[in-house]
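Per my numbering, the sequence shown starts with residue 2, numbered consecutively. Glycine included, every Cβ here is placed at the ideal spot set by N, Cα and C. A quick write-up on the structure given underneath.
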Amino acid sequence: MHLQRFIIEGDYRLSSIIEKLKEKKLIELDVSNEEKMPEFTIVAEEFDNAEIEYKLYKKIDEVWEESELDDLDLDRTPLWLILLFGMVFISYFVVGLIQSSAIYNLYNTKYEIYGLFSAIGAVITAYIPILGSIVAYNSATELWNWSWYNALFIFFFYYLPLFGFIVYILWIILKAYYSDRWYRFWRSEFN
2 MHLQRFIIEG DYRLSSIIEK LKEKKLIELD VSNEEKMPEF TIVAEEFDNA EIEYKLYKKI
62 DEVWEESELD DLDLDRTPLW LILLFGMVFI SYFVVGLIQS SAIYNLYNTK YEIYGLFSAI
122 GAVITAYIPI LGSIVAYNSA TELWNWSWYN ALFIFFFYYL PLFGFIVYIL WIILKAYYSD
182 RWYRFWRSEF N
């Protein structure tokens, strides 16, 4: 069924496609539609396993040009995942700067460590995950008199997108591990 989307010109009927497949004739496929590429890679793997000959074509300036599978852009990383990763990275950097100033103030005031040692120690401590957030939280609530919920939100909110990213990766792993069951769950013909 998915193969019909990639036939270039001519007979799109399933019966003629099946006939070509049985006779092991050359099949010409259109790969210019980028959003269908994940489906096509599955078709190409099946063709390679069945030793079916096929040629790929892309329509460029209303002219069909032959193409190779390696030439195609097959990166299908969702935009929201890239944005989530960028948000985690940027928020980690920005919150690290705020944490550095809170920890620097803690080192100066409470432990009486001054100057370069205090600054370097504050930056190093701030960028250690969880530890930096905890130390900055304590510093902000004790020295700056922040309310506990404000400090908690500012120093721990950037873990939420990171948690979302980890949940997404676990979802992908589970989906890949149980791919046959996943396919049957969403396809009514198997139920």
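Proximity below 7 Å, CB of residue i to CB of residue j
i: T142; j: G133; result: no
i: P162; j: L84; result: no
Environment of residue i [buried if 16+ CB atoms lie within 10 Å]
i: M2; result: For M2, the predicted model reports a pLDDT of 43, less than 50, meaning its position is unreliable; a value from the coordinates is still stated below. By the 10 Å Cβ count, M2 comes out exposed.
i: Y105; result: buried
i: Y108; result: buried
i: A123; result: buried
i: V64; result: exposed
i: Y179; result: exposed
i: S148; result: exposed
i: P79; result: exposed
i: A45; result: buried
Rounded C-alpha distance that separates residue i from residue j
i: I173; j: Y93; result: 24 Å
i: L175; j: T42; result: 21 Å
i: S68; j: A177; result: 29 Å
i: A103; j: Y58; result: 60 Å
i: I170; j: W81; result: 13 Å
i: E24; j: G87; result: 50 Å
i: Y55; j: F48; result: 8 Å
i: E52; j: E66; result: 23 Å
i: S140; j: I91; result: 23 Å
i: F191; j: I61; result: With a pLDDT of only 47 at F191, under the threshold of 50, the placement of this residue in the model should not be trusted, and no figure is reported.
i: V168; j: Y150; result: 25 Å
i: F157; j: Y128; result: 13 Å
Proximity to residue i [Cα-Cα], best of the options
i: Y138; options: I43, S68, S101, E113; result: S101
i: L144; options: Y112, L85, V64; result: Y112
i: I131; options: P79, Y159, F48, A45; result: Y159
i: A152; options: E46, I167, V136; result: V136
Assumed close pair residue i, residue j - CB separation to whole angstroms, cut-off 8 Å
i: I99; j: I155; result: 7 Å
i: V89; j: F166; result: 6 Å
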